[in-house]
Amino acid sequence: MKKNEEDNGLKRQLSMTMCITLVMGAIIGSGIFTMTGTAIGYIGKAVPVAFITAAIFIIITNIPSIFQGGALPATGGSYVYVSRFVHPTFGYIHILNLIMGTFNIALMGTSAAMYFQPLMPSIPTKVTAAIFILLLAILGSFGVKISGIVQNIIIIIMIAALLTFIIPGLGAISSEFVTIGEALFPNTLEFAALWSAVAILRYSLMGGGIVFTLGDEVKNPGRTIPASFFIGTALVTLFYCLIGYISVGVAPLEVVANQPLSVSAALILGEHSGAFQFFLVGGALLATLTTLNGSFLIYSRTLYAAAKDLVLPGFLTTTNKFGVPIVAVWVCAFIGLTVVLLELTVTQLLSFVSIPGLLLGFIYYIPPIVISRKLPYCAKNAWFRLPSWLITLISVSSAILLFTLGKSLFDRMETSHYIGMLIFYGLGFVYWFLRLAYLKKQGIDLIANMKGFHPYWIELEEKYKNEELQRIATSDK
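Structure (structure tokens):
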């Protein structure tokens, strides 16, 4: 652990519990409040089945990342794996995608401001969004341990808000509207309807991959990273299934289908009750803030990793006494604040955030396929591992699916979006070639630098190799 801190300036402070709450906080977002009714419109009383299927879908498509994150933990996540196991140019493309993805900070800040609006309607949404972004940046400046503790507290409050809906909701369910059998074992279930519901609900269950980007800050990362992803995703799915079951059990389908969760909550808690306000504002607002907190962690750590490789300016590697890449955190905050001031619509923000990663998502599934050949002992000793052929099958299938989803969104973009993205990526590649030329004059081969394996991986590979050789030698005696 000491060597890791000397190499990176980062500290292993995240325990299993903290990682689980980070996963839960990153997953639970405003989507559960808006998407449940839409899913009910597709699949009716069987919405818990759709949540379970969506969770299975999320877990399966993340299996390659779970494997590589546990076998080869590293801060920077996909950027590090793509640079080392595909090609540095694709690693740089991921950085461009990530810079575009930092718009998500503005999106989450704006969403949180919208949920806060009923409490103080006189404050403009733009101002509130900026305040939330600044507060989370300040919080992130005190280290992942402090962020993890605050995340734990928020998760407790957020779960209390969800239980405000769930506990009385279970008592309000009427067999006239739904039974457990109808919810979990429907007599008829159309595949098209189920798939449509899953396509919607998968977005409400995404986010658990946050732990894959924090490898150098996690205690016992080989076990903690995959285990926390599984546990956190499973716990959130349980809550979501209960919420879906209650929603279809308190009113006829035509009342709750394609409606926000507030409709069901009003029937259970009373529209003007304090419990109703706590559920909506406390639940939805805090859910959005935990996702915003996760966004800061993901984006700042990846910028830091890229700067360590010399892809980005060196000042982004600056860490404070808490082991935080402080400059990277505030660069992310600056980008988020700038986008808030531009007042882009939620639809525009979603397009910019989602499409690049979906269209180029196939590159993220190449590293898990080749890890077993490049670092075989790390792969063989991973806490979570599957046969190579199965990892390959899941990776290829997931890559095709992501590209299909990305293309469907890309085809619906406006002309101004195309132009904006073309300019952004064009300027990005101008910087890339200038950076290559500049470092070459300094006697630095940037491509070779980006291909270098993480020191911790080399240490693990040697350790596992020596252990196996020792076992073989012992067995031969």
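Take any residue in the sequence shown, note its place counting from 1, add 8, and you have its number in the working numbering.
Using N, Cα and C, we set each Cβ at its ideal position, and we do this for glycine too.
Give the range of the alpha helix (DSSP H) segment to which ASN389 is assigned.
-> Counting along the chain, ASN389 falls outside any alpha helix (DSSP H), and DSSP gives it neither H nor E.
Which residues mark the beginning and the end of the alpha helix (DSSP H) in which GLY6 is found?
-> What the structure shows of the chain is the stretch from 9 to 485, and residue 6 is not part of that stretch, so it cannot be assessed.
Count the other CB atoms within 10 Å of the CB of GLU14; is the residue buried (16 or more) or exposed (fewer)?
-> Interpretation of GLU14 is limited by its pLDDT of 46, a score under 50 that renders its predicted location unreliable; the figure taken from the coordinates is listed afterwards. Label assigned to GLU14: exposed.
Based on Cα-Cα distance, which residue from SER303, TYR372 and ALA390 lies nearest to ILE405?
-> Sequence check: residue 405 is Ser here, not Ile. When only C-alpha atoms are compared, the closest one is TYR372.
List the endpoints of the continuous alpha helix (DSSP H) containing ILE64.
-> 55-79
Provide the residue span of the alpha helix (DSSP H) that contains TYR253, from first to last.
-> 229-257
Between the Cα of THR42 and those of LEU269, ILE164 and ILE427, spot the shortest distance and give me the residue it belongs to.
-> LEU269
Would you please state the rounded distance, in angstroms, between the beta carbons of ASN301 and LEU468? I believe it to be under 8 Å.
-> That pair is no contact at about 29 Å.
Status (buried if at least 16 other CB within 10 Å, exposed otherwise) for LYS53 | buried
Label GLY230 either buried or exposed according to how many other C-beta atoms from any shown protein chain fall within 10 Å of its C-beta, with 16 as the threshold for buried.
-> buried
Closest by CA to LEU170, which one among PRO376, ARG309, PHE247 and GLN450?
-> PHE247
Where does VAL378 sit, in a helix, a strand or coil, going by DSSP?
-> helix
If we ignore side chains and look at the alpha-carbon of each, how far apart do ASN228 and THR83 end up?
-> 14 Å
If you pair each beta-carbon of the stretch 316-331 with each one of the stretch 57-66, do three or more pairs fall below 8 Å?
-> no
With distances taken Cα to Cα, identify the nearest neighbour of THR241 among PHE185, SER73 and VAL31.
-> VAL31
Are the stretch 168-186 and the stretch 250-257 touching by the rule of at least three beta carbon pairs closer than 8 Å?
-> yes
Which whole runs of the alpha helix (DSSP H) in the stretch 119-150 are 4 residues long or more, in chain order?
-> 133-148
Where does THR296 land, buried or exposed, given buried means 16+ other C-beta within 10 angstroms?
-> buried
Of the residues VAL94, TYR87 and ASN195, the one placed nearest ALA314, counting alpha carbons only = TYR87
Between PHE304 and ILE113, is the Cβ-Cβ spacing less than 8 Å?
-> yes
Taking just the CA atoms, how far does ILE374 sit from ILE402?
-> 11 Å
Test item: CB-CB of ILE276 and PRO176 under 8 Å = yes
Evaluate GLY278 with the Cβ neighbour count: other Cβ atoms within 10 Å of its Cβ, from every protein chain shown; 16 or more gives buried, anything less gives exposed.
-> exposed
Look at the Cβ atom of ALA235, then the Cβ atom of MET24, and state whether they are nearer than 8 Å.
-> yes
Roughly how many angstroms separate the alpha carbons of PRO96 and LYS448, rounded to a whole number?
-> 15 Å
Proximal residues to TYR385 (C-beta, below 6 Å), its chain only, five neighbours per side dropped | GLU469, TYR472 and LYS473
Check whether the Cβ atoms of ALA273 and LEU288 sit closer than 8 Å, and answer yes or no.
-> yes
If you draw a straight line from the C-alpha of LYS10 to the C-alpha of PHE411, how long is it?
-> The predicted position of LYS10 is uncertain, since its pLDDT is 47 and thus under 50; no value can be drawn from it.
The alpha helix (DSSP H) spanning PRO96 covers which residue range?
-> 96-109
VAL57 beta carbon less than 8 Å from that of THR44 = no
Alpha-carbon spacing of ILE343 relative to ILE157, whole angstroms = 26 Å
Cα-Cα separation, VAL206 to PHE286 = 28 Å
LYS10 in three-state terms, based on DSSP = With a pLDDT of 47 at LYS10, under the threshold of 50, the predicted position of this residue should be treated as unreliable, and no value is reported.
Limits of the unbroken alpha helix (DSSP H) element including MET43 = 39-51
For VAL332, three-class secondary structure by DSSP = coil
Do you know offhand how far ALA292's Cα is from PHE437's?
-> 39 Å
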